[in-house]
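A.B. asks:
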Amino acid sequence: AKHHGRNCYYVFNDQMSVDLAARLQLEAELKQAITEQQFSLSLQPKVCLTKRKLHSFEALLRWQHPTRGTVPPDLFIDALEQAQLMVDVGYWVFERSCQLCVQMMQQGLTDVVMAVNLSATQFLQVDLADNFARILAKYQLNGAQFELELTESTLVNNVSQTLDIMHQLKALGFAFAIDDFGTGYSSLNYLKRMPVDTIKIDKSFIQGMQDNEADLQIVISTIAMVHKLGLQVVAEGVETAENVAQLRYYQCDILQGYYFSRPIPETEINEFIQQVLTQQWP
Ligand code: C2E
Ligand code: CA
Ligand code: CA
Ligand code: CA
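Residue numbers (the UniProt record's numbering): 521 to 802.
Set out below in structure tokens:
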């Protein structure tokens, strides 16, 4: 049964759980979203700065709500966690990413790489790597076609188990990226202890770098540090030509943001691929 009472309003406010009834309703709606397949993925390209070509796609979760339209993930990821649904939805995200990978390969995109976001609770599943291996095998894909995006907070949670799971996933070929770099835990210790391949500089620094000297210096020194560690650096939230020019000057490797492309709904992917096969980005 669906209830679309006045409480709905609170549920989609930024401060969730203002109201227990609203929270329970949201949980019920999320369970329904799973059984009625209201989730989908949008794919946002990442662009290689030197080749000016598509580098990979990031899979971003979308909820097509029956009455409210598309609900962005920041408004329901926490609720999925609280309702203990995030692990299941996370496996769904990975499997759907595999399906889209196969679809893009059939469209002629041979060396497609897909980035998938993982939450901290997914990293508490001791059978995460086994389950991913099983899903990969089902689609005859290799882990090397995937990059897993983790936040700094995931890495400081239960360090020994996290390292263990990371090594298991590494053995399957998966690469790791640190998402929202610079916004989380301040210790950089994990950078030398964990098998990380890529750092994604948080979009708040990228959006500030044009006008704010501190943001600019943070971006410049992050790029230099990441390169000295032998890792790759991605700038997210790139929106302007000025951002691109600056990031090119400071030799960032990969760019992602509305300047290049919004996330593409999965239903529009085939069309997008045909365009991307020949596209040279600015
Ligand atoms: P994120 O991983 O940091 O993803 C980047 C967010 O920035 C996305 O928001 C993307 O649409 C948005 N974005 C991309 N380019 C630009 C730009 O140029 N300017 C601005 N202002 N924003 C840009 P989205 O899709 O709403 O996702 C929000 C967050 O939800 C993600 O942040 C990620 O933390 C989480 N999320 C999304 N999908 C999943 C998922 O499958 N699993 C998990 N655990 N978390 C997810
Ligand atoms: Ca991400
Ligand atoms: Ca991010
Ligand atoms: Ca984020």
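Even for Gly, the Cβ is constructed at its ideal location relative to N, Cα and C.
In terms of residues, what are the limits of the alpha helix (DSSP H) holding Thr555?
C.D. replies: Under the DSSP assignment, Thr555 falls in the alpha helix (DSSP H) whose first and last residues are 540-555.
A.B. asks: Look at the alpha carbon of Ile793 and the alpha carbon of Leu540, and state the distance between them as a whole number of angstroms.
C.D. replies: So the alpha carbons of these two residues sit roughly 44 Å apart.
A.B. asks: Tell me whether Ser741 sits in a helix, a strand or coil according to DSSP, three-state version.
C.D. replies: helix
A.B. asks: Can you check which of these residues, Arg572, Gln800, Val633, is closest to Ala695 by C-alpha distance?
C.D. replies: Val633
A.B. asks: Hey, would you say the C-beta of Glu788 is under 7 Å away from at least one heavy atom of ligand 2?
C.D. replies: no
A.B. asks: Would you mind working out which of Trp612, Pro565, Leu692, Val746 sits nearest Trp583, comparing C-alpha positions?
C.D. replies: With distances taken between Cα atoms, Trp583 lies closest to Trp612.
A.B. asks: Note the first and the last residue of the continuous beta strand (DSSP E) segment covering residue 804.
C.D. replies: Nothing in the structure corresponds to residue 804, since the chain is present only between 521 and 802.
A.B. asks: Who are the Cβ neighbours of Met625 in its own chain at under 8 Å, not counting the five residues just before and after it?
C.D. replies: Val632
A.B. asks: For Pro593 and Phe559, what's the separation of their Cα atoms in angstroms?
C.D. replies: Spanning the alpha carbons of Pro593 and Phe559 requires a straight line of approximately 10 Å.
A.B. asks: Would you kindly check if the distance between the Cβ of Ala599 and the Cβ of Glu556 is under 8 Å?
C.D. replies: Not a contact, by the Cβ cut-off of 8 Å.
A.B. asks: Does the stretch 687-694 come close enough to the stretch 720-739 to have 3 or more Cβ pairs within less than 8 Å?
C.D. replies: no
A.B. asks: Three Cβ pairs or more, each shorter than 8 Å: is that satisfied between the stretch 743-761 and the stretch 784-791?
C.D. replies: no
A.B. asks: From this set, Gly777, Val609, Leu574, Leu661, which residue's C-alpha is nearest Leu581's C-alpha?
C.D. replies: Val609
A.B. asks: Looking at the C-beta of Leu797, does it have a partner C-beta in chain C at a distance below 8 Å?
C.D. replies: No chain C is part of this structure, which consists of one protein chain only.
A.B. asks: In terms of alpha-carbon separation, which member of Met606, Leu661, Val622 lies closest to Ile554?
C.D. replies: Nearest neighbour of Ile554 by Cα position, chosen from Met606, Leu661, Val622, turns out to be Met606.
A.B. asks: On the three-state DSSP scale, how would you describe Phe572?
C.D. replies: Sequence check: residue 572 is Arg here, not Phe. Three-state DSSP puts Arg572 in coil, outside helix and strand.
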